[in-house]
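Numbering of the sequence shown is given in our numbering, commencing with residue 171 and proceeding in unit increments. The block underneath contains the structure these notes are about, expressed in structure tokens.
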Amino acid sequence: MMNQVYQIHIVQNEQEKADAMSVRRMVFIEEQQVPEDLEIDEHDGDDPSTLHFVAYAGDKPVGASRLRSYAPGIGKVERVAVLGSERGTGLGRQIMLMMEETARLRGYRKLKLNAQTHAQRFYEKLGYTPVGDVFEEAGIEHIAMEKTLS
Numbered sequence: 171m172m173n174q175v176y177q178i179h180i181v182q183n184e185q186e187k188a189d190a191m192s193v194r195r196m197v198f199i200e201e202q203q204v205p206e207d208l209e210i211d212e213h214d215g216d217d218p219s220t221l222h223f224v225a226y227a228g229d230k231p232v233g234a235s236r237l238r239s240y241a242p243g244i245g246k247v248e249r250v251a252v253l254g255s256e257r258g259t260g261l262g263r264q265i266m267l268m269m270e271e272t273a274r275l276r277g278y279r280k281l282k283l284n285a286q287t288h289a290q291r292f293y294e295k296l297g298y299t300p301v302g303d304v305f306e307e308a309g310i311e312h313i314a315m316e317k318t319l320s
């Protein structure tokens, strides 16, 4: 099978935002049963310091994520979602690399994230290190992780 080529970019308009939210809704709310009021939060408003990313296969939205300011020089990676049909293709990694590059350009020196424990290895391969103990969020086990950007 040919490698799927994805277009990943920072959300620029309402349609792209809606596309990103539709991916998150499918992955987190429908598939993982995360309550909608936990999944969609105050950082999904119009805060200019929060960047939303969307990935397309052709014109179909298949991935999404969010990057926001956490503390001076520190960004928080959140809501990384890839549709089931695209898992294992490297899309998640591509989304993360795009977010890291964007974070560097915006002056972040470190990124933090809360990984679902089943995805911990995925983030470790990208250079993230677990911090602290496993905790539960929305009924799903998570571990805090961080990475210093070079």
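Beta carbons: idealized from backbone N, C-alpha and C, even for Gly.
For A289, no alpha helix (DSSP H) encloses it, and the DSSP letter there is neither H nor E.
Where A314 is concerned, the enclosing beta strand (DSSP E) starts and stops at I310 to T318. With fewer than 16 other Cβ atoms inside 10 Å of its own Cβ, E271 counts as exposed. Counting other Cβ atoms within 10 Å of its Cβ, F198 reaches 16 or more and is therefore classed as buried.
Ranking E306, A285, G302 and D211 by CA distance to the CA of L296 puts A285 first.
Rounded to whole angstroms, the gap between the alpha carbons of K317 and V247 is 11 Å.
Taking C-beta atoms as the reference points, Y278 and L221 fail to come closer than 8 Å.
Using a Cβ-Cβ distance cut-off of 8 Å, the region 239-254 and the region 197-211 are in contact, since at least three pairs of beta carbons, one from each stretch, lie closer than that value. At the C-beta level, A234 and A227 stay beyond 8 Å of one another. The three-state reading of DSSP puts Q177 in strand, counting E and B together. In this chain, I210 is not harboured by any beta strand (DSSP E), its DSSP state being neither H nor E. For D189, the uninterrupted alpha helix (DSSP H) run begins and ends at E184 to R194, by DSSP. About 7 Å separates the beta carbons of P205 and A308, which is inside the 8 Å limit, making them a contact pair.
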